[in-house]
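In the working numbering, the protein residues as written are 7 to 98.
Cβ coordinates follow ideal geometry from the N, Cα and C atoms, glycine included.
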């Protein structure tokens with residue numbers, strides 16, 4: 007399944023500033039509506055790389071979202087008597 011970052015780059019910088027200012031990870035997580043684990047991983051990434059940016063990942067980037075994937079799977083079941091050519095046009 008695709009992965010979307012919980013925090014934007016700007017939010018990560020603000021969170022890092024709060025952490026460096028002495029705020030607890032739980033308070034920062036509560037402020038941004040994410041889990042403490044995300045904040046701890048952000049701290050770890052800054053210690054290792056010195057940056058809040060995501061590191062490049064291996065593999066081909068996803069073109070479709072998980073929601074689009076579900077739609078492509080369920081459409082043929084909903085429209086079972088639609089010809090395949092019409093269904094392909096509808097999915098594009």
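In terms of residues, what are the limits of the alpha helix (DSSP H) holding residue i?
i	result
residue 59	Here residue 59 belongs to no alpha helix (DSSP H), and DSSP marks it neither H nor E.
residue 93	90-97
residue 38	31-38
residue 72	72-84
residue 20	15-26
Look at the Cβ atom of residue i, then the Cβ atom of residue j, and state whether they are nearer than 8 Å.
i	j	result
residue 22	residue 48	yes
residue 63	residue 55	no
Could you pull out every residue in the same chain whose Cβ sits closer than 7 Å to the Cβ of residue i, ignoring the five residues on either side in sequence?
i	result
residue 78	97
residue 34	21, 24, 25, 45
residue 41	35
Please go through the same chain and pick out, in chain order, the residues whose beta-carbon is closer than 6 Å to the beta-carbon of residue i, but skip the five residues on each side of it.
i	result
residue 44	12
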